[in-house]
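Report on the following structure.
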Amino acid sequence: MAEKPFLSDVQTLRDRARQHIENGAITEGYKADRETVVKILNEALATELVCVLRYKRHYYMAEGLNAKGAQEEFLEHAQQEQQHADQIADRITQLDGDPDFNPDTLTHRSHAEYKEGESLLEMIKEDLIAERIAIDSYREIINYLDNDDPVTRRMLEEILATEEEHADDLVGLLKIMNA
531 MAEKPFLSDV QTLRDRARQH IENGAITEGY KADRETVVKI LNEALATELV CVLRYKRHYY
591 MAEGLNAKGA QEEFLEHAQQ EQQHADQIAD RITQLDGDPD FNPDTLTHRS HAEYKEGESL
651 LEMIKEDLIA ERIAIDSYRE IINYLDNDDP VTRRMLEEIL ATEEEHADDL VGLLKIMNA
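Each number in the numbering used here comes from the position in the sequence shown (counting from 1) with 530 added on.
Next comes the structure, spelled out in structure tokens:
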């Protein structure tokens, strides 16, 4: 069996890099459907922004004996969701797309719903449901991307890990509430 070369020859790499330089990071080695990836990422962006808004509301509205600990979690999660939104928006622009921050369509594009919850317990449950939606959503996107867009896949894998931590934190809060 003939050995497959690890890397194209240097001259070929140099020649390809000079072609279509206006495409920036998107080289002919990019295998994903860029427009579909941008659309998916804009849905993920909307999901993260809706989560930021819900967590911020819960931070300000939490009341009761266990409110202080829950507020701290809500604020930390809101800040991390904002970081995720920023990472996703950056990636969209790297792919020569436009991040969609339009508030009029935000909840329609978001995978997670904006459910306020009346009590502290309801707030925690709604946040946990949203995290579970994000977890499954990111897993599906990661599987869709496979090896066609390893940079986006890796970014989403890191975000997924944080979303799983959030879900674990919220389950911990539920246990405290039900104790």
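Each residue gets a CB set at the ideal place from its N, CA and C atoms; glycine is no exception.
Remember, predicted model here, so these are calculated numbers, not experimental data.
Identity of the residue in the options nearest residue i by Cα
{"i": "M591", "options": "E558, L651 and I665", "result": "L651"}
{"i": "F631", "options": "K655, L704 and R639", "result": "R639"}
{"i": "R564", "options": "M707, L704 and T623", "result": "T623"}
{"i": "N572", "options": "D699, E693, Y668 and K705", "result": "Y668"}
{"i": "E695", "options": "E603, I570 and V567", "result": "E603"}
{"i": "K705", "options": "I570, L583, N596 and V540", "result": "N596"}
{"i": "G702", "options": "R684, D616, A600 and Q541", "result": "A600"}
{"i": "K569", "options": "H641, S649 and A691", "result": "H641"}
Alpha-carbon to alpha-carbon, residue j and residue i
{"i": "D626", "j": "D620", "result": "10 Å"}
{"i": "L605", "j": "Y585", "result": "7 Å"}
{"i": "H588", "j": "I654", "result": "8 Å"}
{"i": "Q549", "j": "Y560", "result": "14 Å"}
{"i": "K645", "j": "T682", "result": "28 Å"}
{"i": "E593", "j": "R662", "result": "24 Å"}
{"i": "I689", "j": "H614", "result": "7 Å"}
{"i": "P629", "j": "L575", "result": "8 Å"}
{"i": "P633", "j": "R544", "result": "43 Å"}
{"i": "H607", "j": "D616", "result": "14 Å"}
{"i": "I556", "j": "E648", "result": "46 Å"}
Contact check, residue i vs residue j, beta carbons under 8 Å
{"i": "I551", "j": "E578", "result": "no"}
{"i": "A697", "j": "C581", "result": "no"}
{"i": "E643", "j": "A664", "result": "no"}
{"i": "L636", "j": "L700", "result": "no"}
Inter-residue CB distance, residue i and residue j (contact presumed, cutoff 8 Å)
{"i": "R546", "j": "E533", "result": "R546 to E533, Cβ: 22 Å. No contact."}
{"i": "D678", "j": "A562", "result": "4 Å"}
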